[in-house]
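I have placed the structure first, in the form of structure tokens, so that the comments after it can refer back to it.
Chains as they are written, first to last, in my numbering: chain A, 60 to 961; chain B, 40 to 415.
What follows is the structure, encoded as structure tokens:
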């Protein structure tokens with residue numbers, strides 16, 4: 060802080076620094092907030108201009124096209140720097156001023172706030188991203204949506220004037236729901252409904268607000284773009300501001316002598332200011348050297364070194380080494396659903412995440428004292444990450460076992476899917492495979508378990524048939540002349556569209572069966588036109604584009620089905636083209652908020668039985684009738700337990716399905732074994748990457764706390780997409796309720812983990828063959844072959860197309876590369892999780908995303924940022940300095956004062 | 040939840056039961072604070088000998104309420120199987136605990152009740168306002184969904200609890216500093232009304248400042264009305280502070296609010312930068328310019344400006360108080376209004392407390408399907 064100049068009238072010029080007699084004393088200029096802010100703002104404008112010009116000159120220099128203009132600019136820059144050096148005293152005094160320091164802080168607040176009040180453009184993290192003619196409209200629309208939302212709420216404080224529609228009378232349904240699932244669930248559903256209804260009309264009002272103020276919003280957007288406010292934190296003016304703050308902090312730090320930094324009075328000040336300076340210097344270092352992006356890796360693929368810079372598929376950069384995904388797995392939340400046989404709710408029942416000792420009370424009844432008591436209590440005794448289900452032993456129920464019966468179950472002997480997947484991946488002919496079989500269960504009473512879609516549907520080969528267990532009413536109709544039209548509906552129904560209009564406050568979805576070309580009209584006035592059906596939606600991992608299957612829909616297996624719809628809004632505006640995939644839960648999804656009409660929620664249940672596809676068959680047994688198979692063409696075929704089912708593909712032992720056992724009243728006796736985790740001495744959990752199912756031990760108590768209390772301890776195991784078993788379901792003996800134990804892969808997982816391995820270029824240019832499964836070195840190609848490979852493929856690794864392609868016989872195609880695998884640590888050290896990254900040669904790799912629809916994919920974030928250690932040290936110092944200044948110093952001073960007084 | 044349902048005690052989760060007990064204690068505490076304030080007023084009015092109380096019934100109730108909220112949080116942790124700060128209801132429960140702990144810490148750290156009966160009244164008012172604030176907050180919590188939500192991978196970090204706890208504690212402490220500022224402006228306003236000597240412009244400015252802050256009905260209006268009642272009583276008895284007395288009152292309030300600030304700022308700093316350490320571990324990105332991060336940074340910078348103005352510029356009184364109140368306002372924006380800000384309309388990484396928004400932690404960038412769908 061500048062001290063006030065002493066002016067004493069009458070003292071003559073003899074005093075140094077005083078004006079000679081007769082002259083007016085020279086007024087010392089004092090910086091105020093206004094003048095300081097003005098200078099800082101000018102510096103920011105200058106910084107922005109210089110930044111743009113400097114980058115232009117640097118580009119010209121790197122292209123070797125420096126012109127006269129560039130030379131003038133560089134000369135000007137040097138002159139400016141020289142001038143600054145000459146007036147360094149004045150600059151120092153300026154930076155030491157309290158008004159300047161506070162102005163810098165206030166302008167920093169305004170700068171950061173400008174980036175909060177002006178939504179940052181998509182991809183602003185990339186310093187090179189700008190608003191262009193191509194991306195102007197989508198960027199503007201997002202800007203306008205965000206600003207309209209903010210301004211609408213700002214102009215309606217306390218919600219005054221926001222339209223709200225009344226909530227429908229659903230108290231009875233909520234009461235019934237609460238009786239089953241508890242009061243807390245009931246209250247939560249009511250709160251959610253209220254919140255949804257509060258949103259009714261508001262969305263429409265915001266859209267109207269946006270349209271009404273279109274002109275203002277466009278001008279605002281253009282001005283924000285001109286001033287770089289929608290990429291504020293990456294602009295040159297912001298960098299200039301941070302530079303000035305840093306200069307001010309450093310100048311003020313050195314205003315005090317270094318020795319004083321160690322005193323109690325100054326330690327907090329010094330440490331904090333050193334911390335701020337280090338943080339800003341490290342940030343500046345990051346700005347010039349940082350690069351980040353995403354590395355898209357797939358299991359069993361050769362190493363990769365290109366990543367998508369700033370998550371942009373069109374922008375690729377390469378690392379100086381190669382990375383391969385050695386292992387990848389996700390662990391989902393283990394959850395339980397309870398279904399009551401005598402209650403049907405249109406909304407989804409709650410899913411309970413499980414952990415040991417969790418107690419769930421359900422199904423409330425009057426306790427006779429005016430209150431309620433639970434009739435069902437579930438207590439989790441244990442949850443296991445790894446379990447093994449021994450072949451479930453099914454038998455026909457005896458008289459006293461009928462209450463435990465699961466009903467009719469057909470056990471089919473079907474080809475082993477994993478073997479077929481491996482064969483498909485390697486391109487091995489089926490005939491060369493060793494026959495492996497697995498049990499498949501058809502349970503007509505459980506939705507989703509009543510149908511088997513042919514062994515090859517899951518691996519992308521031909522889809523040969525569809526087999527469904529006949530329901531009791533259908534089985535009775537399977538007489539000598541079955542009504543084929545009723546049993547096999549026409550194949551034009553694609554599925555059921557679950558539709559909710561949030562603007563109308565829809566809480567429960569409305570269901571519309573959809574066919575290709577059909578138009579669905581919603582109550583809110585939307586027209587939804589089904590324009591395309593896709594059986595297996597896939598994308599190219601390289602460019603992200605959709606891979607279209609040219610075959611007719613009938614021949615495609617519905618692995619990842621969906622439809623494309625054209626949504627025509629009620630006001631006749633621009634239609635939106637939207638892809639609705641069966642696997643995607645629209646509610647809460649990231650894409651939903653990006654749609655043109657985000658208030659329209661669409662989800663799809665693909666109807667596999669009635670879409671175009673391979674021949675259909677109904678299997679009927681029990682109910683006092685002979686087992687039989689009815690084909691779509693009307694043939695009725697006799698079936699004997701243990702015999703091969705006369706289905707397409709039955710000639711091949713690899714694809715034939717066999718009806719092994721047919722039960723009318725099946726009793727299941729699953730033996731579930733819980734397995735320990737296999738953790739190595741270094742903490743590496745190998746079992747995390749296994750395909751094991753998860754296990755659950757549950758105590759089921761009915762009528763707890765009453766004389767009729769009955770307790771049963773049950774074991775359950777989940778199913779996986781590879782391993783389906785009946786142990787994931789449990790039906791109460793009186794059939795009043797059933798339990799479903801599953802891993803919820805429709806939401807965020809519990810955890811993802813990947814293990815990476817590192818490859819460096821071979822200094823001798825030799826090519827090596829590596830195992831496709833674990834990346835082991837199998838052999839090194841000779842120099843001549845290596846040279847030939849290099850000429851043909853450059854340096855890019857590829858799948859090995861040797862005599863077998865799988866020299867070590869591990870079932871995965873090997874790869875060949877001019878790279879050496881390097882030791883980059885143990886598996887545990889190379890394992891990455893969210894919150895636990897791996898570093899190699901300054902590159903940091905962290906678990907960024909995954910996709911349950913592509914289980915072999917792992918998205919690995921890549922960051923190269925040499926400024927990180929400096930920044931983090933600075934941050935630690937800021938905390939330490941604050942603690943010193945505000946906690947240690949007052950306490951120590953207080954003690955000293957007390958001691959002095961004493 | 041209504042009173043008829045509270046009768047079904049066994050159906051209420053344990054965390055809600057303890058919160059309910061804490062509410063009742065807080066209501067009792069408000070009554071005790073009012074009684075204590077009245078008693079201190081009586082002492083001051085009659086010029087009786089003032090003996091500052093040690094562990095008074097009011098402090099006893101305050102400690103008990105703090106214990107109950109702590110037990111409620113403990114139970115909530117058991118009910119959801121993780122540190123309970125995943126939903127807004129849980130974070131606000133942590134905030135209630137922080138408010139109670141802060142006022143307890145400040146009661147002893149500032150020790151204003153020892154200075155005299157007038158200051159003891161201020162201490163009582165402060166405790167009463169905080170207890171009423173806790174009741175209002177728990178009332179609001181009951182309007183929010185209480186479903187258990189699983190932690191996304193990024194939140195399963197050892198930084199989760201300290202980051203949230205440090206920030207929320209600082210919000211509570213600095214919020215109390217904001218309440219002291221409100222008291223400062225309210226006292227200035229009412230002295231101006233009853234004793235005059237202030238221009239109508241400055242009075243209007245103070246009134247506008249107190250009325251135009253968001254959710255004024257929760258904090259500033261009650262304080263304005265309560266202090267109005269107090270100053271009216273003083274005015275009636277002819278004991279309205281004036282001249283040096285008024286200056287001393289304002290100076291002391293300024294000093295007390297600075298002490299509250301000094302307790303809160305290290306926690307705000309630690310909470311803010313702990314978030315950076317965590318982001319560094321999760322995404323190797325210590326600062327992502329996310330709207331929540333930026334709002335928190337703005338808050339920190341406002342307090343930095345306040346500190347520099349006070350220590351270097353010698354700012355005291357209304358200017359310093361206005362900046363300190365600006366900090367409290369910024370806290371409120373960061374904590375509760377952040378979801379409305381334009382930049383928050385993107386997929387903020389900090390929307391985990393928003394029940395309608397999907398949590399984004401750990402899920403960044405495109406994946407094979409998302410790319411094609413985005414370009415659809």
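The beta carbon of each residue, even a glycine, is placed where N, CA and C say it ideally should be.
Residues of its chain near residue 826(A), where Cβ-Cβ distance is below 8 Å and the 5 sequence neighbours each way are ignored
839, 840, 844, 845, 848, 849, 875, 876, 877
Can you pull the chain A neighbours of residue 385(B), defined as C-beta to C-beta under 9 Å?
Within chain A, the residues placing a beta-carbon under 9 Å from that of residue 385(B) are 178, 179, 181, 201, 205, 652, ordered along the chain.
Let me know the secondary structure DSSP gives residue 49(B) once reduced to three states.
helix
Counted within 10 angstroms of its Cβ, other Cβ atoms place residue 134(B) as buried (16 or more) or exposed:
buried
Which same chain residues, not among the five before or five after residue 395(B), have their C-beta less than 8 Å away from its C-beta?
Below a pLDDT of 50, predicted positions are generally treated as unreliable, and residue 395(B), at 45, falls in that range; no measurement from the model is reported.
DSSP has residue 60(B) in a bridge; who is on the other side?
The partner list for residue 60(B) (beta bridge, DSSP) is empty, contrary to what the question assumes.
Taking the alpha helix (DSSP H) that residue 103(B) belongs to, which residues open and close that run?
Run containing residue 103(B): 96–119, per the alpha helix (DSSP H) assignment.
C-beta neighbour in chain A for residue 242(B), strict 8 Å:
no
Given residue 58(B), which residues of its chain have a CB within under 6 Å of its CB, disregarding the five upstream and five downstream residues?
111, 177
Could you run through the stretch 880–912 of chain A and flag, in chain order, every residue whose CB is less than 8 Å away from some CB of chain B?
892, 893, 894, 895, 896, 903, 905, 906, 907, 908, 909, 910, 912
Nearest residue (CA-CA) to residue 526(A), options 669(A), 947(A), 292(A), 433(A)
Ranking 669(A), 947(A), 292(A), 433(A) by CA distance to the CA of residue 526(A) puts 669(A) first.
Are residue 831(A) and residue 881(A) closer than 8 Å when you measure CB to CB?
no
Is residue 116(A) helix, strand or coil when you go by DSSP?
helix
In chain order, what residues of the same chain lie with their CB nearer than 7 Å to the CB of residue 749(A), ignoring the 5 residues before and after it?
445
With 7 Å as the limit, tell me which residues of the stretch 347–362 of chain B have their beta carbon closer than that to any beta carbon of chain A; keep them in chain order.
347, 348, 351, 352
Report yes or no: do three or more beta-carbon pairs, one from the stretch 409–420 of chain A and one from the stretch 689–704 of chain A, lie closer than 8 Å?
no
Assign residue 954(A) to one of three DSSP states: helix, strand, or coil.
helix
For the stretch 116–140 of chain B, which residues have a beta carbon sitting closer than 8 Å to at least one beta carbon of chain A?
120
Out of 178(A), 947(A), 693(A), which one is the CA nearest neighbour of residue 964(A)?
Because chain A spans 60 through 961 in this model, residue 964(A) falls outside it and cannot be assessed.
In chain B, which residues lie with their C-beta within 7 Å of the C-beta of residue 953(A)?
Neighbourhood of residue 953(A) in chain B, by CB distance below 7 Å: empty, with the nearest CB roughly 11 Å away.
Quick check: what's the CA-CA separation for residue 94(B) versus residue 207(B)?
27 Å
Name the DSSP beta bridge partners of residue 882(A), please?
DSSP lists no partner for residue 882(A).
Rounded to the nearest angstrom, how far is the Cβ of residue 815(A) from that of residue 897(A), given a contact under 8 Å?
Contact check for residue 815(A) and residue 897(A): beta-carbon distance about 6 Å, within the 8 Å limit, so the pair qualifies.
Taking a cut of 7 Å between CB atoms, which residues from the stretch 779–805 of chain A lie near chain B?
none
If distances are taken between C-alpha atoms only, which option among 617(A), 893(A), 855(A), 835(A) comes closest to residue 869(A)?
835(A)
Relative to chain A, which residues along the stretch 331–343 of chain B have a C-beta separation below 8 Å, given in chain order?
Within the stretch 331–343 of chain B, 333, 334, 336, 337, 340, 341, 343 place their CB atoms closer than 8 Å to a CB of chain A, listed in sequence order.
From what residue to what residue does the beta strand (DSSP E) around residue 604(A) run?
From DSSP, residue 604(A) is part of no beta strand (DSSP E); its letter is neither H nor E.
Indicate the three-state DSSP secondary structure (helix, strand or coil) for residue 518(A) in the structure shown.
Residue placement at residue 518(A) is poorly supported in this model, since its pLDDT is 49, which falls under 50; the coordinates are not used for a value here.
For the beta strand (DSSP E) holding residue 619(A), just list the boundary residues, first then last.
Element bounds for residue 619(A): n/a, residue is neither H nor E.
Assuming residue 154(A) and residue 307(A) form a contact by the criterion Cβ under 8 Å, report the distance between their Cβ atoms to the nearest whole angstrom.
5 Å
Comparing C-alpha positions only, which one of 587(A), 645(A), 917(A) sits nearest to residue 629(A)?
587(A)
Alpha carbon of residue 80(B) to alpha carbon of residue 268(B), nearest angstrom:
Straight through space, the alpha carbons of residue 268(B) and residue 80(B) are spaced by roughly 13 Å.
With H, G and I counted as helix, E and B as strand and the rest as coil, what does DSSP make of residue 190(A)?
coil
Residue of 294(B), 364(B), 326(B) minimising C-alpha distance to residue 350(B)
Per the Cα distances, 294(B).
May I ask you to report which of helix, strand or coil DSSP gives residue 758(A)?
strand
Leaving out five residues before and five after residue 50(B) in sequence, what residues of the same chain have Cβ atoms less than 6 Å from its Cβ?
none
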